[in-house]
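Below is one structure; the comments refer to it alone.
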Amino acid sequence: MAKDTETMLDNAIHILHEYPLCDRCLGRLFAWLGTGTTNEHRGDSIKLVLFMIGDELLRKGERSPAEDYIRTLAGNGMMSSARRLAKKEKITFQLIEKCHLCTIDQSIFDRIPKIVQHIEEKLEGFEFDTFLVGSIPQPRLVENQDEICAKFNLLNSEPLKSAFNRELGKAVYDKLAKEVEFEKPDIVIIYNMEKEKIRLQVNPIFIFGRYLKLKRGIPQSRWDCGRCRGRGCEECKGTGRRYPDSVSEYIGLPALKITKATRFKVHAAGREDIDALMLGEGRPFVLELSEPKKRDLNLVELERIINQEADGKVEVHDLEFSERSRAQHLKKDASENIKEYVAIIATEEKVSDDLLREAEKLFTEIDIEQRTPTRVAHRRSDLVRVKHIYQVRLKRDKGYKLRGSFKVQGGTYIKELISGDKGRTRPSLAEVLRTPCVCTELNVTAIYTEKPDHNA
Numbered sequence: 014m015a016k017d018t019e020t021m022l023d024n025a026i027h028i029l030h031e032y033p034l035c036d037r038c039l040g041r042l043f044a045w046l047g048t049g050t051t052n053e054h055r056g057d058s059i060k061l062v063l064f065m066i067g068d069e070l071l072r073k074g075e076r077s078p079a080e081d082y083i084r085t086l087a088g089n090g091m092m093s094s095a096r097r098l099a100k101k102e103k104i105t106f107q108l109i110e111k112c113h114l115c116t117i118d119q120s121i122f123d124r125i126p127k128i129v130q131h132i133e134e135k136l137e138g139f140e141f142d143t144f145l146v147g148s149i150p151q152p153r154l155v156e157n158q159d160e161i162c163a164k165f166n167l168l169n170s171e172p173l174k175s176a177f178n179r180e181l182g183k184a185v186y187d188k189l190a191k192e193v194e195f196e197k198p199d200i201v202i203i204y205n206m207e208k209e210k211i212r213l214q215v216n217p218i219f220i221f222g223r224y225l226k227l228k229r230g231i232p233q234s235r236w237d238c239g240r241c242r243g244r245g246c247e248e249c250k251g252t253g254r255r256y257p258d259s260v261s262e263y264i265g266l267p268a269l270k271i272t273k274a275t276r277f278k279v280h281a282a283g284r285e286d287i288d289a290l291m292l293g294e295g296r297p298f299v300l301e302l303s304e305p306k307k308r309d310l311n312l313v314e315l316e317r318i319i320n321q322e323a324d325g326k327v328e329v330h331d332l333e334f335s336e337r338s339r340a341q342h343l344k345k346d347a348s349e350n351i352k353e354y355v356a357i358i359a360t361e362e363k364v365s366d367d368l369l370r371e372a373e374k375l376f377t378e379i380d381i382e383q384r385t386p387t388r389v390a391h392r393r394s395d396l397v398r399v400k401h402i403y404q405v406r407l408k409r410d411k412g413y414k415l416r417g418s419f420k421v422q423g424g425t426y427i428k429e430l431i432s433g434d435k436g437r438t439r440p441s442l443a444e445v446l447r448t449p450c451v452c453t454e455l456n457v458t459a460i461y462t463e464k465p466d467h468n469a
């Protein structure tokens with residue numbers, strides 16, 4: 014144990030002999046030795062012990078090594094008691110005030126009160142309950158510490174970044190009375206030491222819910238004009254859009270306005286065709302609001318405002334605060350979810366009851382192959398996808414029309430399952446019923462995140 018202590022103290026005096034260090038930064042070099050104290054107190058204690066060694070040597074008459082200790086502590090150690098003793102004993106030393114590990118023009122730690130003041134100004138107008146502090150350290154200071162640690166084989170040091178973050182975090186906490194959150198803070202405050210600038214990383218709000226689409230002809234997301242790509246042209250009459258509205262805008266724009274966010278995105282469990290309705294319990298979605306200034310939302314009121322402004326075209330319900338992982342799961346699981354549709358099917362010829370029953374039997378727990386439909390081939394990869402059909406039920410409607418109920422794997426193209434898409438989907442309803450079939454009306458009636466009972 015004595016040998017380890019001597020090695021640490023020997024390292025400390027050798028380091029100070031070459032580099033000027035404040036108490037805090039000397040303590041940082043031995044941060045994991047003697048935990049439960051501060052770096053500043055640790056560094057001060059090391060200097061005090063070294064000063065006592067030098068004083069003892071002086072009292073014993075060993076002046077040469079004593080002068081070396083006292084000169085080093087008075088100069089690079091910036092130690093006031095060593096300076097007083099040096100003056101008394103007429104020991105010359107170089108007066109140094111800049112720490113090699115935390116100072117360029119001024120100690121980065123001494124800047125903290127001013128930095129906190131700027132942070133408070135920067136945060137004005139933001140609602141938040143939790144925060145985390147981060148920093149981008151001065152490269153030169155980082156290199157200086159790396160050089161010392163390598164030269165003296167120091168294995169217990171603390172980087173400038175973590176020490177500074179802790180001290181700045183404490184100061185911000187004391188000033189703002191907000192809670193520190195390491196996992197999912199509302200706001201991350203990042204200070205750039207070199208540029209002396211503060212950047213706020215305002216984390217998004219995620220809101221889960223379900224939406225109904227009650228009017229046909231509305232795309233799920235904004236659809237710009239294909240000719241001008243949103244800039245405005247004769248074809249779109251200057252609007253820049255192919256369709257004037259979208260489900261995502263009916264959901265996102267009111268929330269954007271209330272939260273004063275910079276942008277929004279709707280992550281949904283798949284998407285219905287533009288001419289299809291979304292009925293039943295609705296389609297699950299997560300609304301992501303980026304860089305919101307207002308976080309304290311009344312979701313019941315938000316739901317009311319969205320539904321009022323959508324004016325019967327779109328409705329949302331069951332809004333609740335959520336997180337990014339839920340949005341990721343919605344998209345990831347969309348093709349595995351089970352979805353339920355009701356379609357009106359026009360047949361070219363009247364179909365017998367026997368063929369209807371035969372089709373129902375065939376399309377029960379069967380895999381089909383679907384090549385990317387012709388109607389979306391211009392924007393989707395040309396692939397053959399295998400999709401599972403759980404159940405099909407067919408009833409007669411008016412004339413040569415049928416009403417079909419479908420329970421299928423997510424991502425199944427129902428219109429092509431009905432028509433066959435010139436052989437790109439097999440088997441198809443048209444193939445089994447032995448007559449051309451066209452879907453004239455389509456509604457999504459259920460989206461299951463768990464497997465339903467198909468015999469219910």
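The opening position of the sequence shown corresponds to residue 14 in my numbering, with each subsequent residue numbered one higher.
Glycine included, each C-beta is placed from N, C-alpha and C at the ideal position.
ask   = Would you call S365 buried or exposed, if buried means 16 or more other Cβ atoms sit within 10 Å of its Cβ?
value = On the sequence shown, residue 365 is found 352 positions in, with the first residue counted as 1. Burial call: exposed.
ask   = Curious, which full-length alpha helix (DSSP H) runs of at least 4 residues does the segment 219-284 contain?
value = Counting only runs of 4 or more, we get 260-272.
query = Do S432 and S441 have their C-beta atoms closer together than 8 Å?
reply = Taking the first residue of the sequence shown as position 1, residue 432 is located at position 419. Taking the first residue of the sequence shown as position 1, residue 441 is located at position 428. Yes, these two residues count as a Cβ contact at 8 Å.
inquiry  = I need the DSSP call for D286, collapsed to helix, strand or coil.
reply    = Within the sequence shown, residue 286 is the residue found at index 273, counting from 1. In the structure shown, D286 sits in coil (DSSP, three-state: anything other than H, G, I, E or B).
key: Rounded separation between F277 and E207 - CA only   = Translated into the one-based positions of the sequence shown, residue 277 becomes position 264. Translated into the one-based positions of the sequence shown, residue 207 becomes position 194. Pairing F277 with E207, the inter-Cα distance amounts to about 33 Å.
ask   = Considering only C-alpha positions, which residue in the set I220, C246, G239 is nearest to A268?
value = Residue 268 sits at position 255 when you count from the first residue of the sequence shown. It is I220 whose Cα lies nearest to the Cα of A268.
query = Is E137 helix, strand or coil when you go by DSSP?
reply = Mapped onto the sequence shown, residue 137 falls at position 124. Of the three classes helix, strand and coil, the one that applies to E137 here is coil, per DSSP.
query = Terminal residues of the continuous alpha helix (DSSP H) containing L343?
reply = Taking the sequence shown and counting its residues from 1, the one referred to as residue 343 is at position 330. Run containing L343: 337-346, per the alpha helix (DSSP H) assignment.
query = How is the beta strand (DSSP E) around D331 delimited, first residue to last?
reply = Here residue 331 refers to the residue found at position 318 of the sequence shown. Run containing D331: 327-334, per the beta strand (DSSP E) assignment.
task = Output yes or no for whether 8 Å exceeds the beta carbon distance between P33 and I109.
result = For this step, residue 33 is matched to residue 20 along the sequence shown. For this step, residue 109 is matched to residue 96 along the sequence shown. One thing to note: P33 has its Cβ within 8 Å of the Cβ of I109.
inquiry  = Once the 5 residues before and after G230 are set aside, which same chain residues still bring their CB inside 8 Å of it?
reply    = Within the sequence shown, residue 230 is the residue found at index 217, counting from 1. Excluding residues within five positions, the ones whose Cβ falls inside 8 Å are Y256, I287, D288.
ask   = Roughly how many whole angstroms lie between the Cα atoms of A79 and L189?
value = Residue mapping note: residue 79 aligns to position 66 of the sequence shown, counting from 1. Residue mapping note: residue 189 aligns to position 176 of the sequence shown, counting from 1. A79 and L189: Cα-Cα distance of roughly 48 Å.
Where the beta strand (DSSP E) containing T470 begins and where it ends = Past the edges of the chain, shown from 14 to 469, lies residue 470, and the structure says nothing about it.
inquiry  = Is it buried or exposed, P150, if we count other Cβ atoms within 10 angstroms and call 16 or more buried?
reply    = Indexing the sequence shown from 1 puts residue 150 at position 137. Under this definition P150 is a buried residue.
key: Inter-residue Cα distance where the pair is G424 and M291   = Position 411 of the sequence shown, counting from 1, holds the residue named residue 424. Position 278 of the sequence shown, counting from 1, holds the residue named residue 291. Going from the Cα of G424 to the Cα of M291 covers about 15 Å.
For S148: DSSP bridge partner residues = For this step, residue 148 is matched to residue 135 along the sequence shown. Its beta-bridge partners are Y204.
ask   = Regarding A99 and the ligand PLP, is the C-beta to nearest heavy atom distance less than 7 Å?
value = For the structure depicted, the ligand PLP is absent and the ligand set is empty, with no information on it obtainable.
ask   = Which value, in whole angstroms, describes the spacing of the CA atoms of G56 and K210?
value = Taking the sequence shown and counting its residues from 1, one reaches residue 56 at position 43. Taking the sequence shown and counting its residues from 1, one reaches residue 210 at position 197. Answer to the nearest angstrom: the Cα atoms are 29 Å apart.
task = Check M21 in the structure and name its three-state DSSP category.
result = On the sequence shown, position 8 is the one that residue 21 refers to. Secondary structure of M21 (DSSP, three-state): helix.
key: Y263 vs I318 beta-carbon contact at 8 Å   = Within the sequence shown, the letter at position 250 stands for residue 263. Within the sequence shown, the letter at position 305 stands for residue 318. Contact: no.
inquiry  = I need the boundaries of the beta strand (DSSP E) containing A184, first residue and last residue.
reply    = Working through the sequence shown from its first residue, we reach residue 184 at position 171. Run containing A184: none in the beta strand (DSSP E); it sits in the alpha helix (DSSP H), 173-189.
Reduced DSSP secondary structure (H/G/I, E/B, other) of H391 = Along the sequence shown, read from residue 1 onward, the residue named residue 391 stands at position 378. Three-state DSSP puts H391 in coil, outside helix and strand.
inquiry  = I need the DSSP call for K374, collapsed to helix, strand or coil.
reply    = Taking the sequence shown and counting its residues from 1, one reaches residue 374 at position 361. Helix at K374.
Residue ranges of each beta strand (DSSP E) within the segment 20-49, 3 or longer = Within the segment 20-49, no run of beta strand (DSSP E) at least 3 residues long lies entirely inside it.
message = Just to confirm the assignment, what range does the beta strand (DSSP E) spanning S418 have?
response = Within the sequence shown, the letter at position 405 stands for residue 418. Element bounds for S418: 414-422.
request  = Check whether the segment 50-66 touches the segment 19-30, taking contact to mean three or more Cβ pairs, one atom from each stretch, closer than 8 Å.
outcome  = Verdict: yes, contact present.
inquiry  = Would D237 and G253 be called neighbours here (beta carbons separated by less than 8 Å)?
reply    = As a first step, residue 237 must be located in the sequence shown, where it is residue number 224. As a first step, residue 253 must be located in the sequence shown, where it is residue number 240. Against a cut-off of 8 Å, the Cβ pair of G253 and D237 comes out as a contact.
Alpha carbon of M14 to alpha carbon of M21, nearest angstrom = Residue mapping note: residue 14 aligns to position 1 of the sequence shown, counting from 1. Residue mapping note: residue 21 aligns to position 8 of the sequence shown, counting from 1. Bear in mind that the predicted position of M14 carries a pLDDT of just 32, short of 50, making it unreliable; the figure below should be weighed with that in mind. Roughly 11 Å between the two C-alpha positions.
ask   = Along the chain, where does the beta strand (DSSP E) that runs through E353 open and close?
value = Along the sequence shown, read from residue 1 onward, the residue named residue 353 stands at position 340. E353 -> beta strand (DSSP E) spans 351-360.
key: Host beta strand (DSSP E) of K210 (start-end)   = Mapped onto the sequence shown, residue 210 falls at position 197. Start and end: 210-215.
key: Cα-Cα separation between E322 and E378, rounded to whole angstroms   = Counting from 1 along the sequence shown, the entry for residue 322 is found at position 309. Counting from 1 along the sequence shown, the entry for residue 378 is found at position 365. Near 42 Å, if we compare the C-alpha coordinates of E378 and E322.
inquiry  = Once the 5 residues before and after K16 are set aside, which same chain residues still bring their CB inside 7 Å of it?
reply    = Within the sequence shown, numbered from 1, the residue matching residue 16 stands at position 3. Residue confidence is low: K16 scores 45 on pLDDT, short of 50, so the model does not pin down where it sits. No coordinate-derived value is stated.
task = Enumerate in chain order the residues of its own chain whose CB-to-CB distance from L396 is below 8 Å, with the five nearest sequence positions on each side excluded.
result = Start at 1 with the first residue of the sequence shown, and residue 396 comes out as number 383. Contacts found: R384, T385.
query = What span of residues does the beta strand (DSSP E) with D380 cover, start to end?
reply = Residue 380 sits at position 367 when you count from the first residue of the sequence shown. 379-384 is the extent of the beta strand (DSSP E) around D380.
request  = Report the residue from R439, C246, E31, P217 whose alpha carbon sits nearest the alpha carbon of A89.
outcome  = Reading the sequence shown from its first residue, position 76 is the one you call residue 89. In the sequence on display, residue 89 carries Asn and not Ala. Of R439, C246, E31, P217, the residue nearest in Cα terms is E31.
inquiry  = Helix, strand or coil for M291? Go by DSSP, reduced to three states.
reply    = The sequence position of residue 291 within the sequence shown is 278, counting from 1. In the three-state scheme derived from DSSP, where H, G and I count as helix and E and B as strand, M291 is classed as strand.
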